[in-house]
Each structure stands twice: as C-alpha cells, then as structure tokens.
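**Q** Protein chains in written order, with my numbering: chain A, 111 to 291; chain B, 111 to 291. Just so you know, even glycine gets a beta-carbon here, dropped at the ideal spot from N, CA and C.
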C-alpha cells in the first residue's frame with residue numbers, strides 16, 4: 111500500500127496550550143491535493159489500562175467521577191505515562207495506586223489510539239493476574255472506589271449499558287473472547 | 111450507590127481555545143476532600159462510527175491519514191455530530207460521505223466515552239446493513255480509501271495488531287461476539 115498519497119504535511123505549527131496532562135496545538139497542513147487545511151491536535155503522553163483478575167476469577171473494577179463528562183464511571187484501573195516510563199511499569203504503578211494490588215503477571219493484550227481524529231493518545235491494555243497486596247494509594251486528587259465483579263455480573267452490566275468507557279469495554283470484550291475472564 | 115462523595119464541583123472556568131472540532135477549557139474544581147485542583151477538559155460535540163456489513167457478509171473499512179497520530183489507520187466510517195444532528199442521522203450521513211453507501215438498516219449497538227480523563231467525547235456505534243448505493247463524497251479535506259474485508263481477514267488483522275483504532279476494535283469485537291459479522 112502506497113501511503114504517500116494519503117499523507118498530510120505540516121506547514122506551520124502553533125502551540126495554544128501546555129498543561130499538566132495535555133498540550134494543544136493547531137497546525138496548518140498541506141493535503142495530498144496541494145490545498146491547505148488546519149488540524150487541531152491534543153498532545154497526550156499515552157496511557158495504560160489494566161484488567162486485574164483475582165484468584166477467584168473476578169475482575170476488579172473502579173468507580174470514579176470523571177469531570178470532563180460529569181459522571182461517575184465504571185472503569186478498569188488506568189492512568190497516563192510518566193516521562194520516560196514504560197507502559198508495563200506504568201501499568202504496575204497505576205494498578206497499585208488505584209487498587210492497592212500488585213500483579214505477579216502482567217501481559218499486554220492490545221494497544222490502540224483512543225480518538226485519533228484529534229488526539230495523539232495511545233493506550234496500552236494489560237491483563238493482570240497473580241495479584242498480591244501492595245501498599246499503593248490514589249493520587250491526592252483521585253477519589254476511587256474498587257469492586258470485585260464476576261464475569262456474569264460484568265456481562266449484565268455491559269448489556270445494560272452501565273459500562274460506558276471505551277478502554278473498559280474493549281478490555282473486557284477482549285479478555286472474555288480469549289477465555290481469560 | 112451514593113455518588114455525591116465522588117463528585118467534583120466547578121469553582122472557576124477558563125476557556126483556552128475555541129476551534130472547529132474541539133474547545134479547550136481549564137477549570138478549577140473542588141474535590142470531595144474540600145481541596146481544589148485543576149481539570150483540563152476538551153469539549154467535543156460527540157461522534158458516531160458505523161460498521162457497514164454488505165450482502166456478502168463483508169465489512170467495509172476505510173484507510174485514512176490521521177494527522178494527530180501521524181499514521182494511516184484502518185477504521186470504520188465515522189465522524190462528528192453537527193449541531194442539532196441526531197447520532198442516527200449523523201451515522202447515515204458519514205456512511206454515505208465516506209463509503210458512498212446508504213444503509214437500509216442502521217442499528218445502535220453501543221455508546222461510550224472515548225477518553226473520559228480529559229475529553230467529553232461520547233461515540234455512538236451503529237451496525238449498517240441492507241446497503242444501497244448513495245451519492246456521497248468525502249469532505250474536501252478528507253482523503254479516504256475503502257476496502258471490503260471478510261470476517262476472517264479482519265480477525266487476522268486484529269490478531270496482528272494492524273487495527274489500532276479504539277472504536278474500530280470495539281465495534282468489530284462487538285459485532286463478531288454477537289454473531290452479526
């Protein structure tokens with residue numbers, strides 16, 4: 111496949127905002143046709159999500175308020191990469207911070223872009239098993255509740271539309287289809 | 111479940127950017143503990159994705175360059191809601207614009223937040239069947255290639271990590287698990 115004819119090239123770049131989680135730039139680009147257009151890009155460092163499965167075969171899910179959507183959501187433990195941090199190290203850290211567990215086994219299952227129309231965020235999903243107690247604590251500005259849920263309970267919640275977070279839906283669908291949960 | 115103890119309330123809001131696809135605001139919020147923190151919010155109007163299945167049981171996927179991630183991606187047809195537009199009308203419009211097909215049947219399968227840590231975007235996924243030729247054309251600044259792919263081909267691409275877009279992975283996993291593809 112020759113991709114050159116689809117590519118867009120940067121003509122000019124304007125950083126609008128540099129923040130704690132994201133940056134925003136608005137670039138002028140040249141389209142394959144030769145015309146120019148603008149592209150809004152949210153720069154994100156990347157993130158991880160972990161599906162923790164305990165020794166009884168339950169998934170550990172969390173509930174937290176998400177200010178950007180104004181709702182409390184059911185999610186898997188997740189977080190963004192620190193500078194220089196590997197996805198696997200980040201997954202172990204976030205799992206401990208958000209659930210107080212460490213995973214004896216942590217395996218990557220899939221990586222994907224969360225919203226490539228405007229955001230650079232790539233999210234790496236892991237399954238975590240052989241859980242052992244750690245000493246983690248949520249960040250100061252995170253308020254999190256943790257729950258253990260059977261596969262049957264999770265499937266009912268998915269069917270009822272109670273789980274509305276993309277990484278959580280995709281992670282659960284993947285481990286269920288592979289017989290890992 | 112009492113959600114009040116998880117909620118965060120707005121103290122002050124600062125709009126940093128208003129653009130063609132997204133806006134950005136940075137809010138000061140009060141946490142359940144009484145402390146304050148800041149939250150970066152990308153305001154997005156919401157979007158749709160469509161899994162078009164033709165009469166031979168093939169899915170129609172597209173390839174397009176995504177400037178925010180600097181790659182050509184395999185995706186389902188998708189796009190953002192126009193002001194006042196219903197998700198279903200948007201799905202029909204985007205399907206026609208990006209594949210030149212209309213769907214005789216268009217059914218919602220799931221809705222989810224794409225990245226609720228910083229973005230308000232909710233995406234509504236549809237399956238489109240009974241496809242008939244339309245007259246659609248991509249937007250001026252969209253360059254799109256369309257492909258028909260069997261379920262076996264798609265499953266191989268997923269296994270090989272060739273599909274790296276969240277909505278596409280989740281949509282395909284959902285229609286495969288429900289026996290619709």
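Could you tell me which uninterrupted beta strand (DSSP E) segments, each at least 3 residues in length, are contained entirely in the segment 206-258 of chain A, listed from first to last along the chain?
**A** Here the runs fully enclosed are 211-223 and 232-243.
**Q** May I ask you to report which of helix, strand or coil DSSP gives residue 199/B?
**A** Here residue 199/B sits in helix by DSSP.
**Q** Rounded to whole angstroms, how far is the Cβ of residue 230/B from the Cβ of residue 189/B, which I believe are closer than 8 Å?
**A** Contact doesn't hold; Cβ gap of about 17 Å is too wide.
**Q** Scan the segment 159-180 of chain B for residues whose Cβ lies nearer than 9 Å to a Cβ of chain A and list them as they occur along the chain.
**A** Residues passing the 9 Å Cβ filter: 173, 174, 175, 176, 177, 178, 179 and 180.
**Q** Can residue 208/A and residue 172/A be called in contact, C-beta distance under 8 Å?
**A** Contact flag set, yes.
**Q** Exposed or buried, which one is residue 238/A when buried takes at least 16 other CB atoms within 10 Å?
**A** Classification of residue 238/A: buried, given that the 10 Å Cβ count is 16 or more.
**Q** Who are the near neighbours of residue 255/A in its chain, counting only those whose CB is closer than 8 Å to its CB and skipping five residues on each side?
**A** For residue 255/A, where only same-chain residues beyond five positions count, the Cβ hits under 8 Å are 172, 173 and 174.
**Q** When the distance is taken between beta carbons, is residue 148/A closer than 8 Å to residue 136/A?
**A** For residue 136/A and residue 148/A, yes; Cβs fall inside 8 Å.
**Q** Leaving out the 5 sequence neighbours to the left and right, which residues in its chain are closer than 6 Å to residue 240/B when beta-carbon positions are compared?
**A** 214 and 215.
**Q** My guess is that residue 220/B and residue 183/A are in contact by the Cβ rule of under 8 Å, so how many angstroms apart are they, rounded?
**A** That belief does not hold up - the Cβ atoms of residue 220/B and residue 183/A are roughly 14 Å apart, past 8 Å.
**Q** Output needed for residue 123/B: all residues of its chain with C-beta closer than 6 Å, excluding positions within five of it in sequence on either side, in chain order.
**A** Excluding positions up to five away in sequence, the list reads 135 and 137.
**Q** Distance check for residue 159/B and residue 288/A, CA to CA, integer angstroms please.
**A** So the alpha carbons of these two residues sit roughly 25 Å apart.
**Q** Quick one, are the C-beta atoms of residue 161/B and residue 186/B less than 8 Å apart?
**A** Taking 8 Å as the Cβ cut-off, residue 161/B and residue 186/B qualify as a contacting pair.
**Q** Under the rule that 16 or more other beta-carbon atoms within 10 Å means buried, what is residue 112/B, buried or exposed?
**A** Confidence is the limiting factor: at residue 112/B the pLDDT is only 44, short of 50, which leaves the residue's position unreliable, though a coordinate-based value still follows. Flag for residue 112/B reads exposed.
**Q** Can you list, in chain order, the residues of its chain with a C-beta nearer than 6 Å to that of residue 115/A? Leave out the 5 residues immediately preceding and following it.
**A** Closer than 6 Å at the Cβ level, and outside the excluded window around residue 115/A, lie 142.
**Q** For residue 132/A, would you say it is in contact with chain B, using Cβ-to-Cβ distances shorter than 8 Å as the test?
**A** It does: the Cβ of residue 132/A has a partner Cβ on chain B nearer than 8 Å.
**Q** Tell me, please, whether the CB atom of residue 288/B is closer than 8 Å to any CB atom in chain A?
**A** No, residue 288/B does not count as interfacial toward chain A.
**Q** Between residue 234/A and residue 193/A, which are expected to be in contact by the criterion C-beta below 8 Å, what is the C-beta distance as a whole number of angstroms?
**A** Contact flag wrong, Cβ pair sits at about 16 Å.
**Q** Among 168/A, 223/A and 140/A, which residue has its Cα nearest to the Cα of residue 262/A?
**A** Nearest option by C-alpha distance: 168/A.
**Q** To be precise: take each residue of the segment 227-251 of chain A, compare its Cβ to all Cβ atoms of chain B, and keep it if any distance is under 9 Å. Which residues remain?
**A** So the list reads 227, 228, 229, 230, 231, 232, 233, 250 and 251, given in the order they occur along the chain.
**Q** Just the chain A side, please: which residues come within less than 8 Å of residue 272/B by C-beta, in chain order?
**A** Within 8 Å Cβ-Cβ: nothing; residue 272/B doesn't reach chain A, min ~11 Å.
**Q** Using a Cβ cut-off of 9 Å, which residues of the segment 256-284 of chain A contact any Cβ in chain B, in chain order?
**A** So the close ones are 268, 271, 273, 274, 275, 276, 277, 278, 279, 280, 283 and 284.
**Q** Please work out which residues of its chain come closer than 6 Å, Cβ to Cβ, to residue 200/B, disregarding the five sequence neighbours upstream and downstream, and give them in chain order.
**A** If we look at residue 200/B and ignore the five residues flanking it on each side, its Cβ neighbours are 158 and 191.
**Q** To the nearest angstrom, report how far apart residue 129/A and residue 178/B are at their CA atoms.
**A** Going by the C-alpha atoms only, they are around 17 Å apart.
**Q** For residue 224/A and residue 276/A, which I take to be in contact (beta-carbon distance under 8 Å), what is that distance rounded to the nearest angstrom?
**A** The Cβ separation is near 6 Å, so the contact holds.
**Q** Quick one, which of 195/A, 228/A and 245/A has its alpha-carbon nearest residue 153/A's?
**A** Comparing Cα-Cα distances from residue 153/A to each of 195/A, 228/A and 245/A, the minimum goes to 228/A.
**Q** In its own chain, which residues sit with a C-beta less than 7 Å from the C-beta of residue 264/B, not counting the 5 before and 5 after it?
**A** The answer, listed in chain order, is 169 and 282.
**Q** What does residue 133/A pair with, by DSSP beta-bridge criteria?
**A** Residue 133/A pairs with 128/A and 153/A.
**Q** Given that residue 127/B touches chain A, what residues does it touch there, using C-beta distances under 7 Å?
**A** The contacting residues are 126, 127 and 134.
**Q** Determine the DSSP secondary structure at residue 158/A, reduced to helix, strand or coil.
**A** In the structure shown, residue 158/A sits in a strand (DSSP, three-state: E or B).
**Q** When we look at the beta-carbon of residue 139/A and count the other beta-carbons within 10 Å, is it buried (16 or more) or exposed?
**A** Looking at its Cβ environment, which holds 16 or more other Cβ atoms inside 10 Å, residue 139/A is buried.
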